[in-house]
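**Student:** Chains as they are written, first to last, in our numbering: chain C, 1 to 350; chain G, 1001 to 1350; chain X, 2001 to 2350; chain R, 3001 to 3350. Don't be surprised by glycine CBs; every beta carbon is placed ideally from N, CA and C.
Here is the structure:
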């Protein structure tokens, strides 16, 4: 089969012919319909510092946001049948550690990631654990099913680990309007937030945020976003801040625009330590900072299914580019350009 | 009346004779039985940077942890009667801002602090808003009722803004064993925590932590406390960390000893920005950092009353020194020495 | 001033000329702009069994859903000024009992109700405690501000005492489409519920439920509503049931249409004991039954303000009739007919 | 092997020799060390109405509270090894339904019960799904490990589905002091409850409740328990009521002794419909009634492990009788007598 492979250290990747894998115990073989590109994939493609320290061995096939048809199942697979159209949960949990056994498999102590620790989905076929296959419900366009994974990230960050009771009727800020931030704008709106404010320096992305329903667009290059949010909330600040940028300065600003008693979900991954004014911006305000990673298995997938299948959130504005798998280099280029939302690869043709 | 006054900028204070104040609208006059010394008072006494920037004007009487008898009531006071023995909630809330109107008066937008923004309790008499007078219940020794305020801080931090469902059966770390940390050790034990670990460089205070029920005492000068907590929890980390030191390095260490999905209450006030590894220690672990200040009015006071009046927590080991008000200079000295727990002043004689 | 008075036991009421009251300590005098009629008012008008046992003494002016302009303020009123346009919280709390002191004034142990325990609002003027006056925000039509009180009931029931994290993306049933049920339909939609199902035997009200955004209308006279809800949810049942009817049979049916782990808010007041199959419908399913009364002071009012002022919920379809105060008899008649939503009286002319 | 079998409809059981079963896919064979008797087993032994309608077919081996050594493992078992000492979670969940996939396997839509729907544990060997085998931690006496299952019931009921933040410092009532109620007394104490009140007509069991730490013992035959609880709480009522009796009258009384805003966990299974005064006892009080069944998999097992292994709860007073398996008839007799706590059978000799 054809696969986009990272063959050697350094930038770029190669389209290679490799053997189609066979499903082992508990695995299913998925014929890839669509695989979308994550920021993580761009890091691997560019072979940045994080990638060179994190990827266990080369060569490997990368890519992890994927949907497709189950082609074959391995031994010990009982509930997923060939022919099912599935999307992949990419956090591969051990199932037996303390966090797994207490219903928090997404923060498994022995977590492995599809397309990072294993061969991934930029290929005609991919192996995934049967446990990680989510049957895609009616009403969800197969062409966009691969984005259920990052959309789930946004769902989990928006509702937070506390459940999201602070969304309805409250002001919500989204910092960083990459695809996950854009999804979060739509999700916060669907959950009844009042006045969703999107902070993003890139004008192309601010346009997308507007299409996703943001009530207020803020360019941090033009105006101090802390001031702008405080003004828009009559000095109170935002009850909820969703930090999707991973930018250290933005994280600090996020604490400064939080209302007393407010909540900030931290999803963007800073690549350096972050310095915060804990006394004034967290302690005296009794703010809550919540780390967010992955998706709750599988409560988040049910929420994702409902939001997408009922049209409560329309993700079409975010899906800006589609390419045949062969044209992966163009796809990475457009992603890197910043003039894109979500970019999807189609091994069977776009 | 006699009062310990801060008369001029710089270190020290003076015992002065001042007029006994008269209660205004909504105020009660309390004859002080006991007033304990808070770390904040020591800052004012020493006139450190924080104090010089925060105290509105001099001269003023300081001190805010207080209990005593209501001597007189002002106009518009309906429910507190002369003769009642009360302790003071020291957060003076406006009652009309958005946070006050939604049941979170302790983070009032117009918050004023007794003994900081107003004349305080190191005196024979003090004025407090009737709303802030908590009638001390049966079973609480009047001599220790002035510590209900800092004890309430500890209660609020230990239970956290989420309610404390993570305490029972879980490992809990207390960082910093000043009086509030020491109280927290006892409260965590009373709430069913399993293995309460106390981190404190001062041997005198570690001894007090042992008396309050700590299962494990850790001297950070002797061994890396992160390693020690991980070892004591078989690599999992602590479900709950209570940060009472305000030390920037300790806050960072607190995140590193947190279990996946764990919660850190931040009560200690860092006097400088704090640098954290958010990616690895908060986001990937889905940790929750909760700012904590003051006490919930007055849910925390009810909890405090029960814990103290039923003997669930015995605070006697923490009360190490008692002085007549006149001997305030000695009291501040012993507090500054680090060889003390809680130090209490008695205007009527100790 | 003119007032609609209950002068004697038995059906009906009278328009009478009575002295305009003067505000006492902590009270404000409100010139009534609009007063809407509650089901409770109809009980008083009809003098049913409940009313005859509950109303302390006659004659009295009834009515409690009210908005108007503050005309005068009494002593000890500091924060509400004459000229303010306010709506009334009708639960008059003592402020000093245990539930009040712990932020739950709406279930005060010494609760008194405006227009039941005191003279009410079907009059040109009404006295309310300053504490109970909510300044109506911009963007809310004064003509409908009197419905903020029952709308708040609906907000509180829909979000529930747990915060409402179960609303977004989940199926919600509203049983009983009187005004509060109709508001709940709109609120559940605004909070992101998926498939809001309204159960109501009265065709007129089912029409209003459709206008408020119900996805599915169910006539219990035509088909078993339990079967219908289970079918619409593919056998799973509803995650949330909002019981607004007070009908004993409907409460039982509500438990039967709940999903495993589901939540039922009980707001409708049954006038008789209710028999439930706790084993199969509550215990084995781990359902939660939450009693709901009044509104959280004043969190619910903030939510109400946002939902109404931003247009997240449009209540206009529910406001079906407006009358001059003098025409109160017609108003009660149309309310009793069942062919109405909310009916509002205007002392100054409709 | 020897097994206690229900061979025919009607009272009693027989000790029979049957083939030792072989573990199938995903199953482990456990050599039974101890199997304790549940009230459900007594229903099966007596063949009451519930049992005759619920047990799918005869003959069958019953018993489900069990601990023992893994003797052999079937295919597809990867993480449980022969030689491990395990206790059994008795709720056999399907793993693929909606509730299972959202972390609530204990209320699985396709739930099967060990020893009810399958051959059980009153035998020398029993088969259990590997998924249901909980490795018993250090510090837990193997002789009492079979009671981890009912103890877990008590843990889940005491903490409730909301997490148990209402336990510490609050008054708690336990209605019905069978073994689960007795465990609950100890758990509530360990979680910091103030004043645990136990209601139980049987004097023998009240004595056990005292040994488990109850602060107040109430005999409902001697005094109205509602009055007694209200008196003991100075009229406020209990913040938490744990209903363990399944008695319809006691459930109603439970609502009447609840404080405003209180919570009642319903675990006892009424065998008939229950009639409640919802208006006055639930709605106006904003009480919460929570159905409770089974144990959260496996959060409850972790809590159970901690409580037992650290001695926070000492269950020895509840373990009143031990018998060799052969003497099962005596064991059932002593259980039926009411003069017993937990009764444990030992196939290898007691």
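Is it true that the CB of residue 2266 of chain X sits closer than 8 Å to the CB of residue 2243 of chain X?
**Tutor:** Cβ atoms of residue 2243 of chain X and residue 2266 of chain X: closer than 8 Å.
**Student:** Could you give the C-beta distance for residue 3322 of chain R and residue 3346 of chain R, rounded to a whole number, given that I count them as a contact under 8 Å?
**Tutor:** 6 Å between Cβ atoms; contact.
**Student:** In chain C, what lies closer than 7 Å to residue 2307 of chain X by C-beta?
**Tutor:** Here the neighbours are 169.
**Student:** Can you list, in chain order, the residues of its chain whose CB lies under 8 Å from that of residue 2007 of chain X, leaving out five sequence neighbours each side?
**Tutor:** Cβ within range, chain order: 2013, 2014, 2016, 2058, 2059.
**Student:** Output the distance between the C-alpha atoms of residue 1093 of chain G and residue 1112 of chain G, rounded to the nearest integer angstrom.
**Tutor:** Answer to the nearest angstrom: the Cα atoms are 7 Å apart.
**Student:** Strictly by DSSP, which residues pair up with residue 2322 of chain X?
**Tutor:** Note: residue 2322 of chain X sits in a beta bridge opposite X:2344.
**Student:** Taking the Cβ atom as the reference point for each residue, do residue 2026 of chain X and residue 2071 of chain X lie within a distance shorter than 8 Å?
**Tutor:** Cβ atoms of residue 2026 of chain X and residue 2071 of chain X: not closer than 8 Å.
**Student:** Less than 8 Å between the CB atoms is what I'm expecting for residue 2032 of chain X and residue 2125 of chain X, so what's the real figure, rounded?
**Tutor:** That pair is a contact at about 6 Å.
**Student:** For residue 2217 of chain X, collect the residues of the same chain with a Cβ closer than 7 Å to its Cβ; drop the 5 residues on either side in sequence, then sort them by chain order.
**Tutor:** Same-chain partners within the cutoff: 2198, 2206, 2209, 2210.
**Student:** Indicate whether the contact test is met: 3 or more Cβ pairs, each with one atom in the stretch 3174 to 3183 of chain R and one in the stretch 3147 to 3154 of chain R, closer than 8 Å.
**Tutor:** Yes: the two stretches touch, three or more of their Cβ pairs being nearer than 8 Å.
**Student:** Taking Cβ-Cβ distances shorter than 7 Å, what residues in chain X pair up with residue 1076 of chain G?
**Tutor:** Per Cβ cutoff of 7 Å: 2076.
**Student:** Do you know how far the Cα of residue 1042 of chain G is from the Cα of residue 1064 of chain G?
**Tutor:** Approximately 12 Å between the Cα atoms of the pair.
**Student:** Just to confirm before moving on: does the CB-CB distance between residue 2307 of chain X and residue 2190 of chain X stay below 8 Å?
**Tutor:** Yes. Within cutoff.
**Student:** Report the residue ranges of all alpha helix (DSSP H) runs contained in full by the stretch 3095 to 3165 of chain R; include only those spanning at least 4 residues, in chain order.
**Tutor:** Those alpha helix (DSSP H) runs which fall completely within the stretch 3095 to 3165 of chain R and span 4+ residues are 3098 to 3101, 3148 to 3159.
**Student:** Kindly give me the distance between the Cβ atoms of residue 1143 of chain G and residue 1034 of chain G, rounded to whole angstroms, as I take these residues to be in contact under 8 Å.
**Tutor:** At roughly 6 Å, the Cβ-Cβ gap stays under 8 Å, so residue 1143 of chain G and residue 1034 of chain G are in contact.
**Student:** Restricting to Cα atoms, I'd like to know which of G:1264, G:1279, G:1280, G:1285 is closest to residue 278 of chain C.
**Tutor:** The candidate whose alpha carbon is nearest that of residue 278 of chain C is G:1264.
**Student:** In whole angstroms, what is the alpha-carbon distance linking residue 1341 of chain G and residue 3241 of chain R?
**Tutor:** Approximately 39 Å, taken between the alpha carbons.
**Student:** For residue 3297 of chain R, which beta-bridge partners are listed by DSSP?
**Tutor:** Paired residue(s): none; residue 3297 of chain R is not in a bridge.
**Student:** When you compare each of C:52, C:23, C:271, C:18 to residue 9 of chain C by their alpha carbons, which one comes out closest?
**Tutor:** Nearest C-alpha to residue 9 of chain C: C:52.
**Student:** Of the choices R:3106, R:3103, R:3105, R:3128, whose alpha-carbon is the least far from that of residue 3115 of chain R?
**Tutor:** Closest by alpha carbon: R:3128.
**Student:** Output, in chain order, the set of chain C residues within a Cβ distance shorter than 9 Å of residue 3302 of chain R.
**Tutor:** Ordered by position in chain C, the residues that pass the 9 Å Cβ test against residue 3302 of chain R are 98, 101, 102.
**Student:** If the cut is a Cβ gap below 8 Å, which residues of chain X does residue 3260 of chain R touch?
**Tutor:** Near residue 3260 of chain R (Cβ distances below 8 Å), the residues of chain X are 2099, 2104, 2107, 2109.
**Student:** Going along the stretch 1272 to 1284 of chain G in order, which residues come within less than 7 Å of chain C, judged by CB to CB distance?
**Tutor:** If the cut-off is 7 Å between Cβ atoms, the stretch 1272 to 1284 of chain G has 1273, 1274, 1275, 1276, 1277, 1278, 1279, 1282, 1283, 1284 near chain C.
**Student:** How far does the alpha helix (DSSP H) with residue 33 of chain C in it reach, from first residue to last?
**Tutor:** Here residue 33 of chain C belongs to no alpha helix (DSSP H); instead the beta strand (DSSP E) covers 27 to 36.
**Student:** With which residues is residue 3068 of chain R paired in a DSSP beta bridge?
**Tutor:** Paired residues: R:3032, R:3086.
**Student:** Please name the residue, chosen from X:2202, X:2215, X:2213, that lies closest to residue 2221 of chain X on a Cα-to-Cα basis.
**Tutor:** The shortest Cα separation from residue 2221 of chain X among X:2202, X:2215, X:2213 belongs to X:2202.
**Student:** What does a CB cutoff of less than 7 Å around residue 2204 of chain X pick up in its chain, not counting 5 residues either side in sequence?
**Tutor:** Contacts found: 2338, 2339.
**Student:** Is the CB of residue 291 of chain C under 8 Å away from at least one CB in chain G?
**Tutor:** Answer yes: the Cβ-Cβ gap between residue 291 of chain C and chain G drops below 8 Å somewhere.
**Student:** According to DSSP, is residue 1350 of chain G helix, strand or coil?
**Tutor:** Here residue 1350 of chain G sits in coil by DSSP.
**Student:** For residue 1232 of chain G and residue 1195 of chain G, which I take to be in contact (beta-carbon distance under 8 Å), what is that distance rounded to the nearest angstrom?
**Tutor:** Indeed, because the Cβ distance is near 7 Å, the residues count as touching under 8 Å.
**Student:** Is residue 3229 of chain R close to chain X, meaning its C-beta is less than 8 Å from at least one C-beta of that chain?
**Tutor:** It does not: the Cβ of residue 3229 of chain R has no partner Cβ on chain X nearer than 8 Å.
**Student:** Residues bridged to residue 3 of chain C by DSSP?
**Tutor:** Answer is C:16, C:123, bridged to residue 3 of chain C.
**Student:** Give the straight-line distance between the Cα atoms of residue 2262 of chain X and residue 159 of chain C, rounded to the nearest whole angstrom.
**Tutor:** Rounded to whole angstroms, residue 2262 of chain X to residue 159 of chain C spans 19 Å at the Cα level.
**Student:** Along chain G, which residues have their Cβ under 9 Å away from the Cβ of residue 2151 of chain X?
**Tutor:** The premise fails here: residue 2151 of chain X is roughly 17 Å from chain G at the closest Cβ pair, so nothing lies under 9 Å.
**Student:** Determine the chain X residues that contact residue 1299 of chain G at a beta-carbon separation under 7 Å, and present them in chain order.
**Tutor:** Simply 2102, 2103.
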